[in-house]
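Engineer: If you're matching positions, the sequence shown starts at 4 in our numbering and goes up one per residue.
Got a structure here, written out as structure tokens. Questions coming.
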Amino acid sequence: MLHRGQQSTDGTGGGELVVPMAWLYAEYIADELLRSGDLMPPTSFEFRAGRDALALTVFLADTENELSGIQVVSQLENWLSLTAYDQPWQDWVCERMAALTAEAVDSGEPVPDLELAASAWRWLEETELLAPDLNAVPGGGAGLGEDEGPKVWTPAWQLGLPLGHLAIHLF
Numbered sequence: 004m005l006h007r008g009q010q011s012t013d014g015t016g017g018g019e020l021v022v023p024m025a026w027l028y029a030e031y032i033a034d035e036l037l038r039s040g041d042l043m044p045p046t047s048f049e050f051r052a053g054r055d056a057l058a059l060t061v062f063l064a065d066t067e068n069e070l071s072g073i074q075v076v077s078q079l080e081n082w083l084s085l086t087a088y089d090q091p092w093q094d095w096v097c098e099r100m101a102a103l104t105a106e107a108v109d110s111g112e113p114v115p116d117l118e119l120a121a122s123a124w125r126w127l128e129e130t131e132l133l134a135p136d137l138n139a140v141p142g143g144g145a146g147l148g149e150d151e152g153p154k155v156w157t158p159a160w161q162l163g164l165p166l167g168h169l170a171i172h173l174f
């Protein structure tokens, strides 16, 4: 989506400012879904991981570039299936990002939406968060509280994806 302005974002003075509306809208939807689920404090890294994973899902699933407020409800089932535990979400994200990047290269136009999505994906892949070890031996520690069990460093997307899935489900 283009917004007419005084100069382009690359400083060439082309008269057009490219606004990353698709990404900003996907991020807004993800944020609203997570906030309505009240699963994590909005200031936590876990919330950011959930928001970014869900925003990537919303952004990359919009293959027609026509996501509007009315279509959000109709897309919930699709997003739910994409974020399900047994789905290869990480592979799907990589494939969609590669396809969108190839389209951007072919067009020769800057795509700020894709740049923001790529930044979110890099953060989700490169950032590790300390989380409960869900693969620990059951019953290994009698009477351990939620914060006292074994923990492991986990890529942010592996925490954010189930959080996003649950937020969609609760919506």
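Think of the CB as a built atom: it goes at the ideal place given N, C-alpha and C, for glycine as much as any other residue.
None of the values given here were measured: they were computed from a predicted structure.
Alpha carbon to alpha carbon, how far is Arg-51 from Val-114?
Structural biologist: C-alpha separation (whole angstroms): 23 Å.
Engineer: By a C-beta neighbour count over all protein chains shown, 10 Å radius and 16 as the cutoff for buried, is Thr-86 buried or exposed?
Structural biologist: Buried.
Engineer: On a Cα-Cα basis, can you pick out the residue from Ser-110, Ala-120, Leu-103, Ala-58 that is closest to Glu-67?
Structural biologist: It is Leu-103.
Engineer: Which residues in the same chain have their Cβ closer than 7 Å to the Cβ of Ala-105, if we skip the five residues on either side of it in sequence?
Structural biologist: Around Ala-105: no qualifying Cβ.
Engineer: From Ala-170 to Leu-57, what distance separates their C-alpha atoms?
Structural biologist: About 9 Å.
Engineer: For Leu-42, which option in Ile-32, Tyr-31, Arg-54 has the closest C-alpha, if you only look at C-alpha atoms?
Structural biologist: The shortest Cα separation from Leu-42 among Ile-32, Tyr-31, Arg-54 belongs to Arg-54.
Engineer: Could you check how far apart the C-beta atoms of Ala-101 and Leu-132 are, in whole angstroms? I think they sit under 8 Å.
Structural biologist: About 26 Å; that fails the 8 Å criterion.
Engineer: Taking 8 Å as the limit between beta carbons, can you name the residues of its chain near Leu-59, skipping five residues before and five after?
Structural biologist: Taken in chain order, the residues that qualify are Ala-29, Val-96, Ala-120, Ala-123, Trp-124, Leu-127.
Engineer: At what residues does the beta strand (DSSP E) containing Ala-87 begin and finish?
Structural biologist: No beta strand (DSSP E) holds Ala-87; DSSP gives it neither H nor E.
Engineer: Rounded to the nearest angstrom, what separates Gln-161 and Leu-20 at their Cα positions?
Structural biologist: Gln-161 and Leu-20: Cα-Cα distance of roughly 35 Å.
Engineer: With a 10 Å radius around its C-beta and 16 neighbouring C-beta atoms as the bar for buried, classify Trp-82 as buried or exposed.
Structural biologist: Burial call: buried.
Engineer: Identify whether Thr-104 lies in helix, strand or coil by the three-state DSSP scheme.
Structural biologist: Three-state DSSP puts Thr-104 in a helix.
Engineer: Is Ala-25 closer than 7 Å to Asp-116 when the C-beta atoms are compared?
Structural biologist: Against a cut-off of 7 Å, the Cβ pair of Ala-25 and Asp-116 comes out as a contact.
Engineer: Measure from the C-beta of Ala-52 to each C-beta in chain B and report whether the shortest distance is under 7 Å.
Structural biologist: Among the chains of the structure shown, chain B does not appear; only one protein chain is present.
Engineer: When DSSP labels each residue in this structure, what does Val-21 get in the three-state scheme?
Structural biologist: Strand at Val-21.
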